[in-house]
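According to numbering that gives the first Met the number 0, the stretch in the sequence shown is residues 0 to 506, in order.
Note that beta-carbon positions come from the ideal geometry of N, C-alpha and C, so glycine has one too.
See below for the structure under consideration.
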Amino acid sequence: MPRIDRRSFLAGGLAAAAIWRPLGSARAASFKTDPFSLGIASGSPRADSVVLWTRLILEETAAAVSADPFAPAPQPVTDPIDVEWMVAEDEAFSKPVQSGLFRAVPEFAHSVHVEVKGLQPGRWYFYRFRSGNAASPVGRTRTAPESADAFRFAFASCQQYEQGYYSAYGDMAGKDLDLVVHLGDYIYERSYGAQLVRKHGTGVPSMLYEYRDRYALYKSDPQLQAAHAAFPWLAVWDDHEVINNYSNDRAPDAPDQAAFLARRRAAYQAWFEHMPVSPGLAAGFDALRIYDHYRFGNLLALTLLDTRQYRSPQLRGSAAADQPERTMLGPAQEEWLGRTLGGSRAKWNIIAQQTLLSERDTRAGPETGHNLDGWDGYRTARARLLDAVQSSAIRNPVIIGGDLHAFYAADVKRDFADEKAAPIATEFVGGSITSDAPSEASLATALAENPHLKFASDKHGYAVMRLSDRSAEVDFIGIADRKQQNSPANVFQSFAVADGAAGVNRL
Ligand SMILES: [Fe+2]
Numbered sequence: 000m001p002r003i004d005r006r007s008f009l010a011g012g013l014a015a016a017a018i019w020r021p022l023g024s025a026r027a028a029s030f031k032t033d034p035f036s037l038g039i040a041s042g043s044p045r046a047d048s049v050v051l052w053t054r055l056i057l058e059e060t061a062a063a064v065s066a067d068p069f070a071p072a073p074q075p076v077t078d079p080i081d082v083e084w085m086v087a088e089d090e091a092f093s094k095p096v097q098s099g100l101f102r103a104v105p106e107f108a109h110s111v112h113v114e115v116k117g118l119q120p121g122r123w124y125f126y127r128f129r130s131g132n133a134a135s136p137v138g139r140t141r142t143a144p145e146s147a148d149a150f151r152f153a154f155a156s157c158q159q160y161e162q163g164y165y166s167a168y169g170d171m172a173g174k175d176l177d178l179v180v181h182l183g184d185y186i187y188e189r190s191y192g193a194q195l196v197r198k199h200g201t202g203v204p205s206m207l208y209e210y211r212d213r214y215a216l217y218k219s220d221p222q223l224q225a226a227h228a229a230f231p232w233l234a235v236w237d238d239h240e241v242i243n244n245y246s247n248d249r250a251p252d253a254p255d256q257a258a259f260l261a262r263r264r265a266a267y268q269a270w271f272e273h274m275p276v277s278p279g280l281a282a283g284f285d286a287l288r289i290y291d292h293y294r295f296g297n298l299l300a301l302t303l304l305d306t307r308q309y310r311s312p313q314l315r316g317s318a319a320a321d322q323p324e325r326t327m328l329g330p331a332q333e334e335w336l337g338r339t340l341g342g343s344r345a346k347w348n349i350i351a352q353q354t355l356l357s358e359r360d361t362r363a364g365p366e367t368g369h370n371l372d373g374w375d376g377y378r379t380a381r382a383r384l385l386d387a388v389q390s391s392a393i394r395n396p397v398i399i400g401g402d403l404h405a406f407y408a409a410d411v412k413r414d415f416a417d418e419k420a421a422p423i424a425t426e427f428v429g430g431s432i433t434s435d436a437p438s439e440a441s442l443a444t445a446l447a448e449n450p451h452l453k454f455a456s457d458k459h460g461y462a463v464m465r466l467s468d469r470s471a472e473v474d475f476i477g478i479a480d481r482k483q484q485n486s487p488a489n490v491f492q493s494f495a496v497a498d499g500a501a502g503v504n505r506l
C-alpha cells in the first residue's frame with residue numbers, strides 16, 4: 000500500500016500553491032488564511048469512482064470557527080469560488096489521471112463534492128485541490144476492488160470533541176486499511192460530562208450556520224484530518240448529528256415538531272456539506288437517503304443502514320416494544336434491505352448500523368431493563384431484520400455498530416432467550432473515539448444477564464476487521480488515555496469468525 004509521505008501531507012497551505020501549474024480558467028482568489036484548514040476527504044468508493052471532498056473556510060467564516068467569544072460575527076461570503084481538483088496515480092502527481100474545476104457555492108458552505116468516474120478498480124489514487132494562491136494537503140484514496148482475497152477496514156463512532164483528543168484517529172491513519180466506516184455521532188450538539196479537555200465554544204446548534212460551525216470545529220482536528228486523508232470513508236449518522244435521541248420527526252428535547260423538522264433539515268444539510276458523499280444527495284434535505292450498499296469484489300458486501308430518520312417514536316416503557324407496526328428502518332428501507340440482501344453473492348455480508356442489534360438486559364437479577372433508544376425498543380423490527388438475514392440466505396452475516404460508547408462482541412440469535420440456539424450472525428460494536436463510557440459494573444451486568452454477549456469493554460478507541468476467504472478477524476483497539484494528546488493505542492482483544500460458522504471466537 001502506498002503511504003502518504005508526511006512532508007507532502009503537510010505541504011498544503013498558501014505557499015505550496017506555487018508548485019501547481021495554473022489553469023487559466025480558475026478564479027485567481029488571493030486568500031490571506033488557508034481555505035483548506037478543514038482538510039480533505041474521500042468516500043463512497045465504487046469499482047470505477049470515488050467522491051473527493053473539501054470545504055473552503057474563508058477569512059470571514061474563519062471567525063465563526065474560533066472559540067473566541069469576542070470574535071466578530073461572521074459575514075457570509077456570497078461569491079462562488081472555483082476549486083481545481085486533481086487525481087494522480089502517484090503522490091508526486093507525475094502520473095496525472097484526471098483533473099477539473101468545481102464551483103464551490105455559498106449555498107452549500109463552499110463545500111466541494113467531486114464524483115470522479117472512470118477510475119480503475121482496486122487501485123490507490125492520490126488527490127489534491129487548489130484555489131487561487133492556496134493548495135490543499137495531498138490525500139490518498141482507493142477504489143473498490145472487482146476481486147479481492149483480502150480486505151481491511153476500520154469502524155468508529157462517537158467522537159465528542161470536548162471529552163477527549165482524537166488519538167484513536169492518529170493511530171488509525173498509520174494503519175494498513177482499505178476503508179473507514181463511521182457509524183455516527185460524528186459531532187455532538189451539546190456538552191456532556193465533566194473533565195473536558197477542550198470546548199465547543201458555542202451553544203447548541205439549531206440554525207444551519209451553527210451546525211456548519213460545529214462540523215468545522217470538529218474537522219479542524221489534525222488527527223481526524225489525517226484519518227480522512229489516508230483512506231476513503233463511508234459514513235452514516237446517528238442522533239447527535241441533529242439532537243439527542245431523536246426519532247424521525249420528533250425529539251424529546253425539541254417539542255415543537257415544525258421547528259424540529261426545520262432544524263433537522265439544517266442538520267442534514269450540514270452533514271452533507273461536511274461528508275465525502277455523492278453530490279447527488281444535495282437535491283433536498285427534508286429527507287436524505289443515506290442508506291446504501293457497497294461491494295468490494297465477491298469478498299465483501301457492506302450495507303449501510305439509517306436507523307434514525309424513519310424510526311417509530313421512542314417508547315417510555317417496554318410494554319409496547321412488541322407492537323408489530325413499530326419500525327426502525329421504515330418500510331421503504333426495510334423493503335430495500337430485503338432485496339439488497341437477497342441479491343448479495345458476497346462471502347462476507349457486513350450490515351453496518353448505529354447501535355447494538357442484539358438484545359441487552361441491563362438489570363441484574365430476575366427483573367429486566369432495556370435501552371429503548373436501541374433495538375430493544377423496536378423488537379418486532381429487529382425480528383423482521385433477522386428474518387431478512389435468514390431468508391436471504393446471505394453468507395456470513397456480520398453486524399457492526401457503535402452508539403454505546405463501549406466495545407461489545409455478540410452471538411446474534413433468532414431468539415435471544417434460547418441459550419442453546421446456534422447463532423445466525425455475529426456482531427461487533429466499536430467503543431467510542433472519545434465519548435464518555437458506561438461504568439464497568441454496568442458492562443459486567445450486561446455480560447452476566449445476556450449469555451449471547453461474549454465480551455464488553457469500556458475502553459475508548461475503534462475496531463479493525465480483516466477479511467479473507469477463510470475468516471473475519473476483528474481487532475479491538477484501545478487508547479491509553481483519551482484525555483491525553485497522542486495517547487498510545489494498542490490491540491487489546493482480537494476475535495475471529497470462521498467462514499460458514501456464525502459466532503464469536505476469542506483469539
Ligand atoms: Fe455517541
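Residue i, buried or exposed, once every other Cβ within 10 Å from all chains shown has been counted against 16
i    : result
A440 : exposed
R127 : buried
E366 : exposed
S438 : exposed
K198 : exposed
A331 : exposed
D285 : exposed
N348 : buried
A408 : buried
Q308 : buried
G499 : exposed
M206 : exposed
F494 : buried
V241 : buried
P144 : buried
S93  : exposed
A497 : exposed
R20  : Its pLDDT being 44, under 50, R20 is placed unreliably by the model, and the measurement read from it follows with that caveat. Exposed, since its Cβ has fewer than 16 Cβ neighbours within 10 Å.
S135 : buried
R481 : buried
E83  : buried
A265 : buried
Q256 : exposed
K218 : buried
R310 : buried
L178 : buried
Element boundaries [alpha helix (DSSP H), containing residue i]
i    : result
H227 : 221-229
R544 : The question about residue 544 has no answer, for the chain in this structure spans 0 to 506.
T339 : 329-341
Y217 : 207-218
V388 : 378-391
L176 : Unbroken run through L176: none, as it is neither H nor E.
T444 : 439-448
Beta-bridge partners of residue i, as assigned by DSSP
i    : result
I478 : A488
M171 : Answer is none; M171 lacks a bridge partner.
L100 : E83
G400 : V428
R127 : M85
I186 : In DSSP, I186 forms no bridge with anything.
G138 : Y126
G460 : G477
V496 : A471
N504 : A495
P95  : A87
Closer than 8 Å: residue i CB and nearest ligand 3 heavy atom
i    : result
P136 : What this structure holds is ligand 1, not ligand 3.
Endpoints, the beta strand (DSSP E) within which residue i is located
i    : result
E324 : First-last for E324: undefined, no H or E at that position.
E114 : 110-115
V411 : 406-411
I350 : 347-351
T302 : 299-303
I289 : From DSSP, I289 is part of no beta strand (DSSP E); its letter is neither H nor E.
F154 : 149-155
W52  : 49-54
I39  : 39-42
Proximity test, Cβ basis, 9 Å: residue i and chain C
i    : result
D248 : Any reference to chain C falls outside this structure, which holds one protein chain only.
Hey, which residues come within less than 5 Å of ligand 1, measuring from Cβ to any heavy atom, in chain order? C157, D184, S434
Cβ contact check for the segment 395-404 and the segment 419-428: 3 or more pairs under 8 Å: yes
Cβ contact (3+ pairs, closer than 8 Å) linking the segment 146-157 and the segment 460-470: yes
Using a Cβ distance threshold of 8 Å, determine whether the segment 312-323 contacts the segment 267-277, with at least three qualifying pairs required. no
Below 8 Å, can you find three or more Cβ-Cβ pairs linking the segment 89-109 to the segment 152-163? no
Taking 8 Å as the threshold, find out whether the segment 286-301 comes into contact with the segment 364-382 through three or more Cβ pairs. no
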